[in-house]
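> My numbering numbers the first residue of the sequence shown as 2 and each following residue consecutively.
Heads up, the beta-carbon is just placed ideally off N, CA and C, and yes, glycines get one too.
Note that this is a predicted model, so its numbers are computed, not measured.
This structure is in structure tokens; I'll ask about it shortly.
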Amino acid sequence: MQINLTGHHIEITASLRGYVEDKFTKLERHFDQINNVHVILNVQKMQQIAEAKIHLKKGEVFATSEHADMYAAIDSLIDKLDRQVIKHKEKLIKH
């Protein structure tokens, strides 16, 4: 799985990059056919925004999350993506 991490108005530190990569390995345990992930971390005034687009086998998933803390925004983003990836996997199994 390739993770592209982009920051808008925020510096991507090593700890932030490590945190994102660690969280995305959780998704890979549920669905191993994740090809590419594009994550954008953005700061607008006092709001931290994390969004990601995941390219899966036979589709893609997108989610966004906002929070006052960037790490909390990333956690929320992973939860949203996790639900969507599981839903996508169940669709593939049914067909």
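#1: Looking at the strands, I want to know which residues DSSP matches up with residue 63.
#2: If you run the structure through DSSP and keep just helix, strand and coil, what is residue 1?
#3: Can you name, in chain order, every residue of its own chain whose Cβ lies under 6 Å from the Cβ of residue 43, other than the five neighbours on each side?
#4: Check for me: the alpha helix (DSSP H) holding residue 10 runs from which residue to which?
#5: Taking residue 45 as part of the beta strand (DSSP E), name the residues at either end of that continuous run.
The structure says:
#1: Position 62 of the sequence shown, counted from the start, is the residue given in the question as residue 63. In the DSSP output, where bridge partners are listed per residue, residue 63 has 54.
#2: Since the first and last residues shown for the chain are 2 and 96, residue 1 lies out of range.
#3: For this step, residue 43 is matched to residue 42 along the sequence shown. Contacts found: 9, 50.
#4: For this step, residue 10 is matched to residue 9 along the sequence shown. Segment: none, residue 10 is in no alpha helix (DSSP H) and carries neither H nor E.
#5: Sequence index remark: in the sequence shown, residue 45 carries index 44 (1-based). Residues 35-45.
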